[in-house]
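Take 21 as the starting number for the sequence shown in our numbering and just add one per residue. Notes follow once the structure below has been shown.
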Amino acid sequence: MSGLVLQVGPLKHSLEATLAGTFAADRLPDGDARAEYLSAHGDRITAVVTSGRTGVDAALMAALPNLGAIVHFGVGYDTTDVDRAAELGIGVSNTPDVLTDCVADTAVGLLLDTMRGFTAADRFVRAGRWPVEGNVPLSRKVSGSSVGIVGLGRIGSAIADRLTAFGCRIVYHNRNEITGSPYHYAASPTELAASVDVLIVAAAGGSGTRHLVDRDVLEALGPRGFLINVARGSVVDEAALVDLLQQGALAGAGLDVFADEPQVPEELLQLDNVVLLPHLASGTVETRAAMEELTLRNLENYLRTGNLVTPVLTPGKDVR
Ligand code: 8YV
21 MSGLVLQVGP LKHSLEATLA GTFAADRLPD GDARAEYLSA HGDRITAVVT
71 SGRTGVDAAL MAALPNLGAI VHFGVGYDTT DVDRAAELGI GVSNTPDVLT
121 DCVADTAVGL LLDTMRGFTA ADRFVRAGRW PVEGNVPLSR KVSGSSVGIV
171 GLGRIGSAIA DRLTAFGCRI VYHNRNEITG SPYHYAASPT ELAASVDVLI
221 VAAAGGSGTR HLVDRDVLEA LGPRGFLINV ARGSVVDEAA LVDLLQQGAL
271 AGAGLDVFAD EPQVPEELLQ LDNVVLLPHL ASGTVETRAA MEELTLRNLE
321 NYLRTGNLVT PVLTPGKDVR
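Pasting the structure below:
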């Protein structure tokens, strides 16, 4: 198939090298050079490779009239306008399954750290406070606690499996109850939050889940409740979260994702009961290699056959 591959946004270095070398891909320039590039080459682009951090919006799709597939490095694709892609017959793929373990591991790690205060205690030791002040304050027990999961998909289920081994009682909320699930279902996020010690956000991002965890949900979680988010910052009302944490109306939070990454609200940096991670959940050597391999398989398969290996939207254009 003729046509050009375009890299949109930064990607893993080895993936960028393969795109440029094996696939002779261009990289979309930033700034003023972008419009110039698109008017000169936009109609030659048949496939884009991007990530959940950049994506392809409707304006960029309009500048790429022969685009047939948007290949994502990452499971989340909320930065791409999937509704518009569907209207235009553009296929979209992501990298499901290969990162499930690492994201679930991170959720459990954040839960342990947030409830037990490990990172805060590490800061305490490093600051030389132990010999002076004695023991740190008591923390909260993880094993046997009640855990609510917002979004019992692949990642949510892997988190639930892990926490079952900790003797936790698992409750979940999804748009629909899952028939045959071993876990209790809560009909709303508020009902879920009110019944658990910890709320873990594992739902996909995008307009459908924006602020699904709003002030009411966080208030239902209450001053003894913890919030863990490994999904997308957009799923939680971050301003309400910050406000309630500052008031002591939540026990703590463990966050790998934020509303405006890489910006983290200044107020959170001052709080000792909050664990802050730089969106690292899938960031292991093994998982990123598997994501890279699946990304390239999607691209190669699309260019060769017109089909994606792990589509979230099947390509509607015959590109051969
Ligand atoms: C990545 C992610 O950090 O897969 C996702 O949706 O958020 C993470 O695994 C990201 O996609 C890499 O750009």
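Using N, Cα and C, we set each Cβ at its ideal position, and we do this for glycine too. Only a predicted model underlies this, so the values are computations on that prediction, with no experimental measurement involved.
Taking the C-alpha atoms as reference points, what is the distance between residue i and residue j?
| i | j | result |
| --- | --- | --- |
| A240 | L300 | 28 Å |
| Y192 | L219 | 9 Å |
| A141 | G272 | 14 Å |
| A40 | T229 | 35 Å |
| N321 | G164 | 46 Å |
| V68 | F144 | 47 Å |
| T42 | L24 | 12 Å |
| L130 | D181 | 16 Å |
| L319 | L328 | 7 Å |
| T199 | T38 | 43 Å |
| G148 | V28 | 46 Å |
| G306 | L119 | According to the sequence as given, residue 306 is Glu; it is not Gly. The alpha-carbon atoms of E306 and L119 are separated by roughly 9 Å. |
| P335 | I110 | 5 Å |
| H26 | A45 | Checking the displayed sequence, the identity of residue 26 turns out to be Leu instead of His. When rounded, the distance between both Cα atoms is 5 Å. |
| L172 | V152 | 45 Å |
Residue i: buried (16+ other C-beta within 10 angstroms of its C-beta) or exposed?
| i | result |
| --- | --- |
| D276 | buried |
| N196 | exposed |
| T325 | exposed |
| S254 | buried |
| L84 | buried |
| P285 | buried |
| L289 | exposed |
| N155 | exposed |
| A82 | exposed |
| P209 | buried |
| R308 | buried |
| G268 | exposed |
| A213 | buried |
| V102 | buried |
Looking only at its chain, what residues have a beta carbon closer than 8 Å to the beta carbon of residue i, apart from the 5 residues adjacent to it on each side?
| i | result |
| --- | --- |
| T100 | T70, G75, V76, D77, I90, H92 and V112 |
| R54 | L48 |
| H231 | S254, V255, V256 and D257 |
| R64 | G23, L24 and N86 |
Could you check whether the Cβ of residue i sits closer than 8 Å to any heavy atom belonging to the ligand PLP?
| i | result |
| --- | --- |
| E258 | For the structure depicted, the ligand PLP is absent and the ligand set comprises only the ligand 8YV. |
Who are the near neighbours of residue i in its chain, counting only those whose CB is closer than 6 Å to its CB and skipping five residues on each side?
| i | result |
| --- | --- |
| R189 | S166 |
| G176 | I169 and A222 |
| E312 | K32 and L35 |
Among residues of its own chain, excluding the 5 on either side of residue i, which ones have a beta-carbon nearer than 7 Å to its beta-carbon?
| i | result |
| --- | --- |
| E281 | G253 and H299 |
| D133 | T139, G274 and V295 |
| D121 | A178 |
| E287 | V262 and Q266 |
Report all residues for which the CB-ligand distance to some heavy atom of the ligand 8YV is below 6 Å; order them along the chain. S71, G72, R73, F93, G94, V95, G96, L119, H299 and S302
What are the complete beta strand (DSSP E) segments, minimum 3 residues, inside the stretch 216-243? 218-221
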